[in-house]
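Novice: For reference, the structure I am asking about is given below.
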Amino acid sequence: MNIANISIKRPVFISVIMIVLTILGFVCYKGLTLNDMPNADMPYVSVVVTENGATPENIESKVTKQIEDAVQQISGVQNITSSVSSGMSQTVIEFDLSKNGEVAAQEVRDKISSVRGKLPTDADDPIISKFDMSATSIISIAVYGSTDNQKMTDFVDNTLKPKLYAVSGVGAVNVSGEDTREIHIKLDNNKLLQYGLTSGAVINSIKSDNIDQSTGKVIDGDNQISITTNSKIQKVEDFKNILVSNKNGTEIRVKDIATVEDGIVEKTSQAYYQGNPSIGIDIVKQSGANTVEVAKEAKAALEQVKTSLPEGMHADIVTDNSTSIKDTVDDVMNTIIEGCILAVVIVFLFLNEWESTLISASSLPISIITTFICMKEMDFTLNTMSLMALSLAVGLLIDDAIVVIENIVRHLHMGKHPIDAAKDATSEIGFAVIATTLAVIAVFLPMAMIAGIIGKFFIEFALTIVFSMAVSLFVSFTLVPMMSSRMLRSERKESKTFIGKFFGWFNHKFDIFAEKYSHLLAFLLHKRITVLAVCAVMFIASLSLIPSLGFVMIPITDKGQITVNANFDSGITLDTASKETKQIEEIVKKNPEVEYVYSTVTNSKATVNITLVDKKQRKISSRDMAQKLGTDLKILPGMDITASAASMGGGGGSSKDVAINLVGDDRAKVQAFAEKMKAEMAKDPDATNVGVNTNSGTPEVKMTVDRDKAADLGVNSSDVASTLATLFNGSTVTKYDGGKDRYDVKVLLQDEQRKNLSNLDGIYVSGSNNKLVPLTEVTKKVVGTTSSTLHRYNKQAQVELSCNVRGLSTGTLQNKYLAKIKSELPAGVSLSVGGMNGTMQKSMISLVQNSVLSVLLLYLVMAAQFESFVDPIAIMFALPLALIGAIIGLYVGGSQLSMMAAIGIVMLMGLVAKNGILLIDAAKERIKKGMPRNEALVEAGLVRLRPIIMTTLAMIFGMIPTALATGAGTEMRKPMAQAVIGGLITSTILTLFVVPIVYTILDGLKKRFAKKIHRKKSTPIDSESNVGI
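Under my numbering, the first residue of the sequence shown carries the number 15, and numbering increases by one thereafter.
Take a look at the structure:
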């Protein structure tokens, strides 16, 4: 081949190219970002609207439905998911994945701005943001100690947060559990009644007294001077002296009707670390930033701050996602190195020459390093998927070099000069090597076109292998023949060392094995039906193992982290919720596998983050531990608890194994059916942590205004609402300048006067002539419940039924209940397969479609190589044989069928085709030279046996470290490696016999067909009878 000849003639030129590629590769490697998963532009847009004090039902009707109606008109909208809680509506719009996320966000902004006038006037402006998968916490810090919480808050706000924000790549620093300073003016309802005052009068007095504003300008000669009116409160105590009213010469000040307290904002959440109250800090990186580098700098900033921590205060890292990423990268790098070493050992074992082994081995690092250039140009990152591609490609990358150099060594043994041997051998094998490489590329290229979210992740995996294979092909046709022509010699000296004798013995035994293989092949070519029947039986038998494997979409990785989510009975206080969370923590801490516990609590739910000891120090996986905790925590009453293991790349949808969405226009009907299914699923021993995403109603009292009575007494409904909101929820009326910061000043009722429902009976509002009117005269009190959270999917009420799985595969249990639910669905209720589950199903369908495309491209590549549309069928017939070993490999390895295993099976198609191409190509060359067909097949098998076995063993040994790895994230990689190893073993053994046998059958059919055509042509036909045909 020309490129090989040029390389042989110009060794320095090729060496310079390789050096340049290596240097550029190293530079690009250093510039690659380290992340958990590939960066993916997800066209998901979130719209959040808050309306203080509004019930979920009111927000759903007045806010959420308005937003849903507006955004559904935008082109490309796939699904609309809404979550409505007290005072807040969140709507997530999912667009077609082909749509640009920034464009989608802008279109949503335009639509929302057009309906802003239809939203309640007291609703805050909608917050519209593009979904960013990388915008998640990379590090969580707990600040705790014996120090007062407010002092810790000041330290966090004034010292720690600014330091963390200064770190390059940090996008946000979110804090929870703070004691934020707030000035409270707590009204005494009895005193208000005594002086005939309302809360509104107090608010107006405070607002008008505490002012600092620009009030105009004055011209003084040539100068213009601004006028500022200042009546700022200088000390908290000064609020007490604000004049509220002057009745009959009696001054009534704030201190006469209220107490003034320098307090804190009423807490809505609390954080705990190892059982101690703490302040939680979550560090979120910027999109595209290097997770590991950002985490490293953030930890350095924390260590610097720790030196100035006040006495009694501590700051610990409780979760660090960068650790699992770094561990995964390190583990994959180790498996790549180990795989390279094992592959090189196999080459040395067969070639028995340091020179040829060194040449083959040199192709590995150059191919891998050069691939980093392509990855950098494509804006890829070093992540689980791209590194997994490199680890699996180790055996593939050395294949081309092995085939080329083995053929060069064979030509050398014929007595040729090294330069002639390099030229002739590369030319002879060139097109076959190109075809085998294109076969692998043809298999993986369609994998880069998988639709859906999964496709966003697999594009880096597929293209990384494609890039590396293309580079490997280039190296095999340039560097390998050039080095072979300079380093290899025709004569072969026998080594007298032990190692030399061993390799001599091995090669002698392999030659005997090759002779026996050729005799067996010659024999089996006459027993074709028997061989094919045995293969068919083996294939059918292997399929019977599939049900026992089970199925999971994406394997769960063991990150050593577990999340326990607890939904409390509605209506409890934050203190009560904290006490119940303590019970969860006590049960969790009883397990020796638990290293530490970090919890965040609200009055409706708690999230307990559990970090386990290193997986090498425990005998139980994080998944099994989560199931155990889920069972242990069932004894706690008053809460719905789920425990799930954190998984690499996990995200979106339910945190449980199985999630089924029920939707309908009638919420009550959907809820009732979901509860019925929940009760049945709870009885199933294979289902654990069964639950629905709704809980019992939150207690509510409705103060219904009697409009007629209110009008008679001169009472405005708005005064009723504002009075109740101020007294029982508090109203922020002004700001207090406390030096470094400005703090809210809130007016509300005294604590003991807003503890129970009877307090409502003593409230008065302003009526005609400023006369106080009892609230009981114009309102009716109705006690009931309201939903705590409402869920909607595509403008319908939605309830999610979910559970974890024990004993069965996830897919088996889910299919069981999907079938059951479909058969029992009541009118008006439907089953939704949208959302994350629907997206996964679409991705799986796309995987199957692209696998078919891979097979088609593979067939076309072989047809082009053989100049025949029939001959490739012999190799295609061998593809199912790989499935036999793949299933056995997964079964022995204890792995489930998954998308990762499916990718491994698809990968096998290329590997099987590589071996078949080498075999058939050699046979056809000999047939062209006049050799009888069967004899040509036997000789081709004998000649190609060594490179086929070498490349197969190199691939197997290159992947053994991945299949046996126990480090971080191995659960994702192992199924693929197990499927490939098992499939290679069976397919290689069977292909060496089946492909030649099927080829003879096809060749016989071609000859029979040709004879029939020949007979028809040789039969005399009347020329006139041919007219019109």
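Backbone N, C-alpha and C define an ideal beta-carbon position, used for all residues, glycine too.
So Gln238 is in the beta strand (DSSP E); what residue range does that whole segment cover?
Specialist: Taking the sequence shown and counting its residues from 1, one reaches residue 238 at position 224. Looking at the DSSP string, the run of the beta strand (DSSP E) that includes Gln238 is 237–244.
Novice: What are the partner residues of Phe565, as DSSP defines its beta bridges?
Specialist: Residue mapping note: residue 565 aligns to position 551 of the sequence shown, counting from 1. Bridge partners of Phe565: Leu911.
Novice: Assuming Pro713 is part of the beta strand (DSSP E), what are its boundary residues?
Specialist: Position 699 of the sequence shown, counting from 1, holds the residue named residue 713. First-last of the beta strand (DSSP E) with Pro713: 712–719.
Novice: Below 8 Å, how does it come out for the segment 667–686 and the segment 808–816: are there three or more Cβ pairs, yes or no?
Specialist: Short answer: they touch.
Novice: When DSSP builds the beta bridges, which residues end up paired with Cys817?
Specialist: In the sequence shown, counting from the first residue as 1, residue 817 sits at position 803. DSSP output for Cys817 lists Val672 as bridge partner(s).
Novice: Where Val994 and Leu477 are concerned, what is the direct C-alpha to C-alpha distance, given to the nearest angstrom?
Specialist: In the sequence shown, counting from the first residue as 1, residue 994 sits at position 980. In the sequence shown, counting from the first residue as 1, residue 477 sits at position 463. Each residue's alpha carbon lies about 19 Å from the other.
Novice: Looking at Gly39: is its Cβ nearer than 8 Å to the Cβ of Ile383?
Specialist: As a first step, residue 39 is located in the sequence shown; it is residue number 25 there, counting from the start. As a first step, residue 383 is located in the sequence shown; it is residue number 369 there, counting from the start. For Gly39 and Ile383, yes; Cβs fall inside 8 Å.
Novice: If you measure between the beta carbons of Leu396 and Val343, is that distance less than 8 Å?
Specialist: For the purposes of this step, residue 396 is taken as the residue at position 382 of the sequence shown. For the purposes of this step, residue 343 is taken as the residue at position 329 of the sequence shown. Result yes, Cβ atoms of Leu396 and Val343 sit closer than 8 Å.
Novice: Under 8 Å Cβ to Cβ from Ile360, same chain only, skipping five residues before and after it: list those, please.
Specialist: On the sequence shown, residue 360 is found 346 positions in, with the first residue counted as 1. The answer, listed in chain order, is Met964, Leu967, Ala968, Phe971.
Novice: The alpha helix (DSSP H) spanning Ser103 covers which residue range?
Specialist: Residue mapping note: residue 103 aligns to position 89 of the sequence shown, counting from 1. Premise fails: Ser103 lies in the beta strand (DSSP E), 102–109, not in any alpha helix (DSSP H).
Novice: The beta strand (DSSP E) spanning Ser292 covers which residue range?
Specialist: In the sequence shown, counting from the first residue as 1, residue 292 sits at position 278. Ser292 -> beta strand (DSSP E) spans 290–299.
Novice: Output the boundary residues of the beta strand (DSSP E) element that contains Gln767.
Specialist: For the purposes of this step, residue 767 is taken as the residue at position 753 of the sequence shown. No beta strand (DSSP E) holds Gln767; DSSP gives it neither H nor E.
Novice: Rounded C-beta distance between Ser618 and Phe582? I'm assuming under 8 Å.
Specialist: For the purposes of this step, residue 618 is taken as residue 604 along the sequence shown, with counting starting at 1. For the purposes of this step, residue 582 is taken as residue 568 along the sequence shown, with counting starting at 1. With 8 Å as the limit, Ser618 and Phe582 qualify as a contact, their Cβ atoms being about 6 Å apart.
Novice: With 16 other CB atoms within 10 Å as the buried threshold, where does His427 fall?
Specialist: Numbered from 1 along the sequence shown, position 413 holds the residue referred to as residue 427. Classification for His427: exposed.
Novice: Hey, how far is the Cα of Asp751 from the Cα of Asn260?
Specialist: By one-based count along the sequence shown, residue 751 stands at place 737. By one-based count along the sequence shown, residue 260 stands at place 246. C-alpha separation (whole angstroms): 28 Å.
Novice: So the candidates are Leu827, Ala900, Met923; which of them puts its Cα closest to the Cα of Val870?
Specialist: As a working note, residue 870 is residue 856 in the sequence shown. First, the amino acid is wrong: residue 870 is Leu here, not Val. The residue with the shortest Cα to Cα distance from Leu870 is Met923.
Novice: Using a Cβ distance threshold of 8 Å, determine whether the segment 737–752 contacts the segment 166–178, with at least three qualifying pairs required.
Specialist: With a cut-off of 8 Å, the segment 166–178 and the segment 737–752 do not count as touching, because too few Cβ pairs lie within range.
Novice: The beta strand (DSSP E) that contains His431, what's its start and end?
Specialist: Position 417 of the sequence shown holds residue 431. No beta strand (DSSP E) contains His431, which DSSP labels as neither H nor E.
Novice: What is the DSSP secondary structure of Lys340, counted as helix, strand or coil?
Specialist: Residue numbering aside, residue 340 sits at position 326 when the sequence shown is read from its first letter. Note: Lys340 maps to helix in three-state DSSP.
Novice: Where does His540 fall in DSSP's three states?
Specialist: On the sequence shown, residue 540 is found 526 positions in, with the first residue counted as 1. Looking at His540 - three-state DSSP - the assignment turns out to be coil, as it is neither helix nor strand.
Novice: Which complete beta strand (DSSP E) runs does the segment 552–610 hold, if anything under 3 residues is left out?
Specialist: The segment 552–610 contains these whole beta strand (DSSP E) runs: 575–582.
Novice: Can you give me the start and stop residues for the beta strand (DSSP E) that Asn703 sits inside?
Specialist: In the sequence shown, residue 703 corresponds to position 689, counting from 1. 701–706 is the extent of the beta strand (DSSP E) around Asn703.
Novice: Asn188 by DSSP, collapsed to three states: which one?
Specialist: Numbered from 1 along the sequence shown, position 174 holds the residue referred to as residue 188. Residue state, collapsed to three classes: strand.
Novice: Determine whether the beta carbon atoms of Gly825 and Gly466 lie at a separation below 8 Å.
Specialist: Numbered from its first residue, the sequence shown carries residue 825 at position 811. Numbered from its first residue, the sequence shown carries residue 466 at position 452. Cβ distance not < 8 Å, so Gly825 and Gly466 don't count as in contact.
Novice: Alpha carbon to alpha carbon, how far is Tyr757 from Gly663? Give it in angstroms, no decimals.
Specialist: The count along the sequence shown starts at 1 and reaches residue 663 at position 649. The count along the sequence shown starts at 1 and reaches residue 757 at position 743. With a pLDDT of only 49 at Gly663, under 50, the local geometry of the prediction cannot be trusted, and no value is derived from it.
Novice: When you compare only the Cα positions, how much space is there between Glu307 and Ala180?
Specialist: By one-based count along the sequence shown, residue 307 stands at place 293. By one-based count along the sequence shown, residue 180 stands at place 166. Each residue's Cα considered, the two are about 14 Å apart.
Novice: Report the option in Arg681, Asn623, Lys690 whose CA atom is closest to the CA atom of Ala659.
Specialist: Position 645 of the sequence shown, counted from the start, is the residue given in the question as residue 659. Of the candidates Arg681, Asn623, Lys690, the one whose C-alpha sits nearest the C-alpha of Ala659 is Asn623.
Novice: State the DSSP-derived secondary structure class of Arg503, mapped to helix, strand or coil.
Specialist: Here residue 503 is taken as the residue at index 489 of the sequence shown, counted from 1. Coil, per DSSP.
Novice: Return the residue from the list Asn335, Lys630, Ile94 that minimises the CA-CA distance to Asn304.
Specialist: Translated into the one-based positions of the sequence shown, residue 304 becomes position 290. The shortest C-alpha separation from Asn304 is found at Asn335.
Novice: At which residue ranges does the segment 786–815 contain complete alpha helix (DSSP H) runs of 4 or more residues, listed in the order of the chain?
Specialist: If we require 4 residues or more, the alpha helix (DSSP H) runs fully inside the segment 786–815 come out as 789–792.
Novice: Give the single residue among Gly842, Tyr831, Ala892, Ala977 whose Cα lies nearest to the Cα of Gly903.
Specialist: Looking up residue 903 in the sequence shown gives position 889. Nearest option by C-alpha distance: Ala977.
Novice: Using the C-alpha atoms, what's the distance from Ser912 back to Asp138?
Specialist: Residue numbering aside, residue 138 sits at position 124 when the sequence shown is read from its first letter. Residue numbering aside, residue 912 sits at position 898 when the sequence shown is read from its first letter. When rounded, the distance between both Cα atoms is 45 Å.
Novice: Inspect the beta-carbon positions of Val170 and Val189 and report whether they are closer than 8 Å.
Specialist: Within the sequence shown, numbered from 1, the residue matching residue 170 stands at position 156. Within the sequence shown, numbered from 1, the residue matching residue 189 stands at position 175. Contact flag set, yes.
Novice: Is the beta carbon of Ile576 less than 8 Å from the beta carbon of Ala620?
Specialist: Along the sequence shown, read from residue 1 onward, the residue named residue 576 stands at position 562. Along the sequence shown, read from residue 1 onward, the residue named residue 620 stands at position 606. Taking 8 Å as the Cβ cut-off, Ile576 and Ala620 do not qualify as a contacting pair.
Novice: Whole angstroms is fine: what's the gap from Lys144's alpha carbon to Gly781's?
Specialist: Counting from 1 along the sequence shown, the entry for residue 144 is found at position 130. Counting from 1 along the sequence shown, the entry for residue 781 is found at position 767. Between Lys144 and Gly781, the C-alpha separation is close to 49 Å.
Novice: Whole beta strand (DSSP E) runs in the segment 209–278 with 3 or more residues, listed along the chain?
Specialist: Counting only runs of 3 or more, we get 226–234, 237–244, 257–261, 264–267, 272–278.
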